[in-house]
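For the record, the sequence lines run as chains E and Z. Quick note on numbering: our numbering labels position 24 of the first sequence as 24, and the sequence is numbered without any gaps. Remember, our numbering sits 1000 above the position in the second sequence when you count from 1. The C-beta atom is built at its ideal place from N, Cα and C for all residues, glycine as well.
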Amino acid sequence: MIALLSAAALVAVLELDVASFGQLMLGRPIVVGPLLGFAFGDPGLGAGLGALFELFSLGELPVGGKVPLNGAVGVGAAFLICAAGGAAVELGFAAGVAAAALHGRLEALLRRLRGGGPERAIAALARGERPRLLPAALRELALQAGGTFALLSLALGLRAVELPDALAGGLRLGLALAPWVGIAGALAALRGTA
Amino acid sequence: MSAFDGPIRARIFGRLMFLQSCWSYDAMQGAGLALALEPWLERLYGARAGEALARYAGCFNTHPFVAPLTVGMLCGLEEEAAKAPEEKRAALLKRADALKTAVACALAGLGDAFFWAALRPAAAAGALVFGMVAWRLWGPAGLAAMPAVYLFVYNGPALWLRWRGLSLGYEWKGELAARLKDVPCQRLIRATKRAAALLLVALFALVTVAAGSWAERAAGLVGAAAFAAAARYAPATTAASFYAWVCAAGILGSLAGWL
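Here it is, written out as structure tokens:
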């Protein structure tokens, strides 16, 4: 469990790279997946999940205020749910998608809570004070990482879940076809942004 | 030696990593822009840097990798204004503010089109193809090549532009837009997208060949064709393809179990 929570913490930090800090692509599923895989001695699982989440997220462009599917949280949750004798891969994949969507809501909430910044900054400057920008940025990053860690920790509870056969069969079929659909989706996204 | 030297550029470059840390719906990257410019404004205005910072308290948004071009331009324009006589300063600052918004919007479109819509799919597809081949040749250890190739291919041009953009924006100042017209951006975007498409087709072939059985291959091809048809004739249904895919798989499974 300590190893899983440590991995969740690592994913929470890497997730910051997706949009909030750096953007050195360290938070992309194609990086996070294999990294987790090698850490837990299952590179095939990590790379496979990373590849799927990467393909499906290629069409999601973070333009303007849009919060796209968070591939880092998706692959992190998926891997942590099924790694090292956890739940079935098809459950991990589906739960990863749900976690990625939930994280989008969390990020949108954090962005709303930051509202009023310009007014506060101007008011502070009018009082002759300098807004402390770097500490404010670090505080926001810590808050976001904390929220991501909490979400991933909750997802770990799904490790003990056993799916009913009917649902498992369908999700297994979906997972088996996902590589082809993911590539088709990425090609469609390329065409759509032409 | 120029005032906009290596150490100050390094500080601004480092602070630009926080450009989106305080992203909000009203100011967007505004707080990040102020954070990045703070060292330069302190150098130009000293104790009066706070007044200069107030000019950057509003809304600002652009692609994060092309933001250094705008930031470099603003550094150059602020320096011009700081050195100008008092009576000309207001007009120069007004011009800087107008250029900030215009250049940021124009560059955002280019940045989104190249880095998000072209280079990212190309780097990912190339890395996935490389990873699959490496796995065949070297076993699971070869999978380490996947993220390595991706990071190298993507971050090479991205980091180059993020660093060099500061100097270019500072040198070109108000002529930034005119100078960028000489760069064949659209040709570069098209070429990168073509490369991405070719690599994705190669990946499709590799995945099909590597499938466990002919039934799996056939099902995969049917699934891809169904998705392509949906994307062509009902694009709204594929907009949330990831979620739709998982929900459809769950429904299929439940139906299969019931039948």
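Element boundaries [alpha helix (DSSP H), containing residue i]
i                    : result
lysine 66(E)         : Taken as a continuous stretch (DSSP letters only), lysine 66(E) belongs to no alpha helix (DSSP H), as it is neither H nor E.
proline 29(E)        : 29-39
alanine 99(E)        : 89-113
leucine 1161(Z)      : 1145-1172
methionine 1132(Z)   : 1120-1138
phenylalanine 975(Z) : Look at the range of chain Z in this structure, 1001 to 1259, and you will see that residue 975(Z) is not part of it.
phenylalanine 56(E)  : 43-57
arginine 1055(Z)     : Where arginine 1055(Z) is concerned, there is no enclosing alpha helix (DSSP H), given that its DSSP letter is neither H nor E.
leucine 1180(Z)      : 1176-1180
alanine 1204(Z)      : One detail in the question is off: residue 1204(Z) reads as phenylalanine in this sequence, not alanine. That run of the alpha helix (DSSP H) goes 1185-1210.
leucine 1260(Z)      : No statement about residue 1260(Z) is possible, as the shown extent of chain Z runs from 1001 to 1259 and does not include it.
leucine 16(E)        : 2-19
Nearest to residue i (by Cα), restricted to the options the options
i                     : options                                           : result
glycine 44(E)         : Ala1096(Z), Gly1131(Z) and Cys1022(Z)             : Gly1131(Z)
proline 1121(Z)       : Arg1217(Z), Arg1055(Z) and Leu1199(Z)             : Leu1199(Z)
alanine 160(E)        : Asp42(E), Ala176(E), Ala84(E) and Arg172(E)       : Ala84(E)
glycine 182(E)        : Leu143(E), Phe40(E) and Leu49(E)                  : Leu49(E)
aspartate 165(E)      : Ala88(E), Gly22(E), Glu15(E) and Ala189(E)        : Ala88(E)
glutamate 1175(Z)     : Gly1111(Z), Ala1034(Z), Ala1096(Z) and Trp1214(Z) : Ala1096(Z)
leucine 1151(Z)       : Pro1184(Z), Val1066(Z), Ala1108(Z) and Gly1126(Z) : Gly1126(Z)
glutamate 1051(Z)     : Ser1024(Z), Ala1218(Z), Ala1082(Z) and Ala1003(Z) : Ala1082(Z)
proline 29(E)         : Gly41(E), Asp42(E), Glu15(E) and Phe40(E)         : Glu15(E)
alanine 1102(Z)       : Pro1085(Z), Ala1084(Z), Leu1128(Z) and Cys1059(Z) : Cys1059(Z)
serine 1338(Z)        : Ala168(E), Arg127(E) and Arg111(E)                : For residue 1338(Z) there is no data in the structure shown, the boundaries of chain Z being 1001 and 1259.
glycine 170(E)        : Pro179(E), Ala94(E) and Arg139(E)                 : Ala94(E)
phenylalanine 79(E)   : His103(E), Phe53(E) and Pro62(E)                  : Phe53(E)
cysteine 1075(Z)      : Pro1085(Z), Ile1008(Z) and Leu1128(Z)             : Ile1008(Z)
leucine 5(E)          : Ser153(E), Ile81(E) and Leu177(E)                 : Ser153(E)
phenylalanine 1115(Z) : Ala47(E), Ala12(E), Leu10(E) and Pro62(E)         : Pro62(E)
valine 97(E)          : Ile81(E), Leu109(E), Gly86(E) and Leu125(E)       : Ile81(E)
lysine 66(E)          : Asp42(E), Gly41(E), Gly104(E) and Ala8(E)         : Gly104(E)
DSSP-derived helix/strand/coil call for residue i
i                     : result
methionine 1028(Z)    : strand
phenylalanine 1065(Z) : coil
phenylalanine 1060(Z) : strand
arginine 130(E)       : coil
leucine 24(E)         : coil
alanine 160(E)        : helix
alanine 1003(Z)       : coil
valine 181(E)         : helix
alanine 83(E)         : coil
glutamate 1086(Z)     : helix
alanine 1240(Z)       : Model confidence at alanine 1240(Z) stands at a pLDDT of 49, short of 50, so the residue's coordinates are unreliable and nothing is read from them.
glutamine 144(E)      : helix
alanine 194(E)        : Because the pLDDT at alanine 194(E) is just 49, under 50, the model does not fix this residue reliably, and the point stays unresolved.
tryptophan 1023(Z)    : coil
leucine 1037(Z)       : helix
glycine 116(E)        : coil
leucine 167(E)        : helix
proline 135(E)        : helix
arginine 1009(Z)      : helix
leucine 152(E)        : helix
leucine 1092(Z)       : helix
tryptophan 1214(Z)    : helix
glutamate 60(E)       : coil
Cβ-Cβ separation, residue j to residue i (assumed contact under 8 Å), whole Å
i                 : j                : result
leucine 163(E)    : leucine 91(E)    : 5 Å
glutamate 1087(Z) : leucine 1041(Z)  : Actually they are not in contact, since the Cβ atoms of glutamate 1087(Z) and leucine 1041(Z) sit about 21 Å apart, beyond 8 Å.
leucine 1119(Z)   : proline 1157(Z)  : 7 Å
leucine 1035(Z)   : leucine 133(E)   : 4 Å
glycine 59(E)     : alanine 189(E)   : 3 Å
leucine 69(E)     : alanine 100(E)   : 5 Å
glycine 115(E)    : serine 1213(Z)   : Wrong, their Cβ atoms sit about 54 Å apart, outside the cutoff.
methionine 1(E)   : tyrosine 1154(Z) : Actually they do not touch by this definition, with Cβ atoms about 34 Å apart.
glutamine 135(E)  : valine 1207(Z)   : Looking at the sequence provided, one finds proline at residue 135(E) rather than glutamine. With a Cβ gap of about 48 Å, proline 135(E) and valine 1207(Z) do not count as contacting.
Contact check, residue i vs residue j, beta carbons under 9 Å
i                   : j                     : result
phenylalanine 56(E) : glycine 71(E)         : yes
valine 18(E)        : glycine 76(E)         : no
leucine 1260(Z)     : histidine 1063(Z)     : Nothing can be reported for residue 1260(Z): it is not among the residues displayed for chain Z, which extend from 1001 to 1259.
alanine 51(E)       : methionine 1146(Z)    : yes
glycine 117(E)      : alanine 1031(Z)       : yes
leucine 184(E)      : alanine 1202(Z)       : Before going on, a small fix: residue 184(E) reads as alanine here, not leucine. Contact: no.
tyrosine 1056(Z)    : leucine 1093(Z)       : no
alanine 1123(Z)     : valine 1149(Z)        : yes
alanine 1113(Z)     : isoleucine 1189(Z)    : yes
proline 131(E)      : alanine 142(E)        : no
leucine 1037(Z)     : valine 1071(Z)        : yes
leucine 177(E)      : alanine 1210(Z)       : no
alanine 12(E)       : threonine 148(E)      : yes
tryptophan 1163(Z)  : phenylalanine 1013(Z) : yes
valine 1129(Z)      : glycine 1142(Z)       : no
Residue i beta carbon near the ligand ZN (any heavy atom closer than 8 Å)
i              : result
alanine 189(E) : In the structure shown, the ligand ZN is absent, as is every other ligand, since no ligand is present at all.
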